[in-house]
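Enquirer:
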Amino acid sequence: MSSETASTQDGALDALSSGGDSLIGMAMLGKTAAALALVIAIILLCTALLKRLGNTKRAGGQLHVVSSAAVGNRERVVIVQVEDTWLVLGVGNGRISKLHERPAPATPPVETPQTPSSFARRFSQALAHNVTQKRQGQTPSSTSETDRTP
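In this text, residue positions in the sequence shown follow the working numbering: the first is 63, and each later residue adds one.
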């Protein structure tokens, strides 16, 4: 009986060792995946920090974009302040050309708020009208043909 017990134990040990190899392989795969996830998380964290800190002024604050306007699909006119001088630059197709140079004014330009377009005005009025009706417990009425025409 001891020979049968010994052969059974040897078979069990062989099965356990082959199963153990697969468990060790799975553990290594899990550790590798965890390490990869950690590296990706560090990269994403560094990217977020660089984006947040990247908006600081460079070049000692001597260069400042005052205004910019699109002229075409890829062309822009940009006003840049360098120390006490304004440069009007044309930017497009990988080239920058100086269009004009003038001394900077003593006071910074005041930005005027843009007037909303007729669509934006009508849309905001319609939203305000719907909100007041909902607050009063009414449902908004259906639009008529006169409301749809510009």
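Every residue, glycine too, gets a C-beta built ideally from N, C-alpha and C.
Does DSSP put residue 99 in a helix, in a strand, or in coil?
Expert: Three-state DSSP puts residue 99 in a helix.
Enquirer: Round the Cβ separation of residue 43 and residue 148 to the nearest angstrom and send it over; I've been treating them as touching at under 8 angstroms.
Expert: The shown model of the chain, from 63 to 212, leaves out residue 43, and the question about it has no answer.
Enquirer: Where do the N-terminal and C-terminal ends of the alpha helix (DSSP H) with residue 166 fall, by residue?
Expert: Careful: residue 166 lies outside any alpha helix (DSSP H) and carries neither H nor E.
Enquirer: Which residue or residues does DSSP assign as beta-bridge partners of residue 160?
Expert: Answer is 151, bridged to residue 160.
Enquirer: With the cut-off set at 9 angstroms, would you say residue 128 and residue 141 are in Cβ contact?
Expert: Against a cut-off of 9 angstroms, the Cβ pair of residue 141 and residue 128 comes out as a contact.
Enquirer: Please report whether the beta-carbon of residue 157 lies at a distance below 9 angstroms from any beta-carbon of chain B.
Expert: Absent from the structure is chain B; it holds one protein chain and no more.
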